Amino acid sequence: MSIVGNTGYRVLIYSHDTFGLGHLRRCRTIAHALVSRRDDVSVLILSGSPIIGSFEFRSRVDFVRIPGVIKLSNGEYTSLNLNIDVDQTLAMRESIIQHTADVFNPDLFIVDKEPLGLRGEVESTLQMLRHRRTRLVMGLRDVMDDPVNLREEWDRKKCVPALADLYDEIWVYGLKDICNPLEGIDLPPGVEEKMTYTGYLPRTATRKPTPEHGALGLEEPYYLVTTGGGGDGVNLVDWVISAYEADPDIPVPSLVVLGPFMAPNDQQAFMERAEKIDKLSVITFDANVEMLMDRSAGVIAMGGYNTFCEILSFDKPAIIVPRTVPRLEQYVRASAAEKLGLVKMLTEDGGRPPMQMAEALRSLIDQPKPSHVTVPNLMGGLDSVGDQVERWLPPQLAAE
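Note that numbering that gives the first Met the number 0 has the sequence shown beginning at 0, numbered continuously upward.
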């Protein structure tokens, strides 16, 4: 049974989270921007992230934690914590999502990345809300994957018809001049007209020190090495540590944030290696990584969407080492950004020579900042998203 009456404007966001931090952090950023813009907006995030409770949320932003699943190396899914069949977990997720949407009764529903959700778990909710004339929005990052891979994946998942039949709008959190996330997809008539390129989503940092940062006694300048969630960050961390092992005279020290999803044995091995190097400090996780980046002299990262937005927002010279498996997303983004002069990219095509990374680290302190390149509306994403939402606010809730 849905709530009777209206106590403000309601936005529901579905965060596609099976691994990593990217989707959750993007949805949280959008939610915070919306409630900051208007005091009559409430946002509820649906997420399967196991660490969503580690993050702080502003007033009028809350979350519903649905049972987690994780994708195995063979492409199959399994329950993250529950010792039950994955099909039962997915059935519970779908039921919780639909019931939450039914009771919350949003004015706007934003779906992140997957048009029908994980294994189609959002389709029934989309159908229900469409019947209620809720505004339905598909939110896409700037790059999804290599066009050939994306076309095969979306054909298999039957995603394209949903863009035409279910969604009112498609927001791309990037710029068309840099990347078109649906390049190579045979879009039905009318779909392209639904697309709005918002620009990238800017980030801000609090100056509040974290316990981990204070305990490290870090002195500036330092580089920040970040792997995001860390589940696929082993190669990046190994390359950076190897560089300091091979060249102890690299002038700028580094703080390495391993990520909460890196395997414990890998975390331990890296910590033991770093203990022998004066210029390396290592922590597992910091929910306020924006502050660490803001205070850094440069960034070494894999180049996921959120990290890229932070590099641009805090105007940091950066070395991007993109992953290429299972998706080419990071490589496509890093290649486009390097062509524009926004970042420097290193790949593992020739292995991971320690001195190649050492040379890049020595040069990073003098590398031009992203701001030396002028790209119109590069970081206009949150303003654009706010403007799009504003168009559909009920008139009686308009700001005085």
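Where is the CB? At the ideal position from N, CA and C, for every residue including glycine.
Everything numeric in this text was worked out from a predicted model, so none of it was measured.
Contact check for Ala300 against Phe54 fails: the beta carbons are separated by 8 angstroms or more. In this structure, the alpha-carbon of Lys112 lies about 11 angstroms from that of Cys26.
For a cut-off of 8 angstroms, the C-beta gap from Glu120 to Arg92 is around 5 angstroms, short enough to register as a contact.
Per the C-alpha coordinates, the member of Glu309, Ser46, Arg57 and Thr225 positioned closest to Val40 is Arg57. Pro316 sits buried, since 16 or more C-beta atoms from the chains shown fall within 10 Å of its C-beta. By the 16-neighbour rule on beta-carbons within 10 angstroms, Ala90 is exposed.
By the Cβ-count criterion, Lys70 is exposed, with fewer than 16 other Cβ atoms from all chains shown falling within 10 Å of its own Cβ. The shortest C-alpha to C-alpha distance from Gly232 to any of Val324, Tyr166, Glu219 and Ala245 is the one to Val324.
In the DSSP assignment, the residues bridged to Ala300 are Thr225 and Ile319.
Secondary structure of Ser53 (DSSP, three-state): helix.
In this structure, the straight-line span from the alpha carbon of Arg361 to that of Lys368 is close to 15 angstroms.
Distance check between Leu128 and each of Met137, Gly116 and Asn104 places Asn104 closest, using alpha-carbon atoms only. Between the region 347-366 and the region 155-162 there are fewer than three C-beta pairs closer than 8 angstroms, too few to call the two in contact.
The continuous alpha helix (DSSP H) containing Tyr330 extends over residues Glu328 to Leu339. With a cut-off of 8 angstroms on Cβ pairs, the region 167-183 is in contact with the region 192-208, counting three or more such pairs. Under the 10 Å beta carbon count, Gly116 is surrounded by 16 or more other beta carbons and is classified as buried. Distance check between Pro259 and each of Gly227, Gly303 and Glu244 places Gly227 closest, using alpha-carbon atoms only.
The beta carbon of Leu135 sits closer than 7 angstroms to the beta carbons of Phe108, Leu125, Leu128, Arg129, Leu165, Tyr166 and Asp167 from its chain, once the five residues preceding and following it are set aside; these are given in chain order. In this model, Met270 and Leu279 are separated by some 9 angstroms (Cα to Cα).
With a beta-carbon spacing of about 6 angstroms, Gly302 and Arg332 fall inside the 8 angstroms limit used to define contacts. Every beta strand (DSSP E) of 3 residues or more that sits fully in the region 37-117 is shown, in chain order, as 40-46, 60-64, 68-70, 76-78 and 107-111. With respect to Met290, Val298 sits apart: the two C-beta atoms are not nearer than 8 angstroms. Ile12 has Ile44 and Ile109 as its beta-bridge partners, per DSSP. Closest option to Ala100, judged by alpha-carbon separation, among Gly138, Leu45 and Arg140: Leu45.
For Val233, the enclosing alpha helix (DSSP H) starts and ends at Val233 to Ala245. Leu381 is positioned such that its CB atom lies no closer than 8 angstroms to that of Leu139. Taken in chain order, the complete alpha helix (DSSP H) segments of 4 or more residues contained in the region 115-202 are 122-130, 146-156 and 159-164. Residue pairing from DSSP places Ser253 in a beta bridge opposite Tyr222 and Leu279. Gln329 counts as buried, since at least 16 other C-beta atoms from the protein chains shown sit within 10 angstroms of its C-beta.
Contact between Val60 and His31 holds, with the beta-carbon distance rounding to 6 angstroms and staying under 8 angstroms.
Assigned with DSSP and collapsed to three states, Met344 falls in strand. Collapsing the DSSP output to three states places Thr306 in a helix. The DSSP-derived three-state label of Asn376 is coil. Taking all protein chains in view, the Cβ of Gly21 is crowded by 16 or more other Cβ atoms within 10 Å, so the residue is classified as buried.
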